[in-house]
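Under full-length UniProt numbering, the first residue of the sequence shown is numbered 1, with each subsequent residue one higher. For each residue, glycine too, the CB sits at the ideal point set by N, CA and C.
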Amino acid sequence: MSRTHRRSAAALVYDSHGQDEAPRVIAKGYGLVADMIVQRAKEAGLYVHESPEMVSLLMQVDLDSRIPPRLYQAVAELLAWLHRLESGAADDPPVTDVVVSPPAPGVSSEL
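Right, here's the structure in full:
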């Protein structure tokens, strides 16, 4: 089975009060590894947002690397919604379609 048909998962960490300038990818994988990432997140009481588009983009980021600026808006919207969810003021989850701005002129288009 090709990677495009296997389940994939990526995990982010972000400390807005610490030294993190942007969220970092701390785990990612396909198949059984993806299943383990999701299972551990759920066991820890973490919210699991299923967005194939977002995961596809995050899978391109190196482990323990910050997300690229092109993903800031999409990830920020998700994190803001999660914050509202935790505070009891959440509405519907963010739309799963991910819109990524094209890179600025002179900036590499690779994540």
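Asked	Found
Measure the alpha-carbon distance for Q73 versus E50 and round it to whole angstroms.	17 angstroms
With a threshold of 16 other CB atoms inside 10 Å of the CB of V61, please say whether the residue is buried or exposed.	buried
According to the neighbour-count rule (16 or more other Cβ atoms, all chains shown, within 10 Å of its Cβ), is P69 buried or exposed?	exposed
Around the C-beta of S65, are 16 or more other C-beta atoms found within 10 angstroms, so that it is buried, or is it exposed?	exposed
Quick one: what's Y30 bridged to in DSSP?	S8
Measuring only the C-alpha atoms, how far is D20 from V13?	9 angstroms
Give the DSSP bridge partners of R40, in chain order.	Per DSSP, none; premise fails for R40.
When the Cα atoms are used, what is the spatial distance from D15 to E77?	16 angstroms
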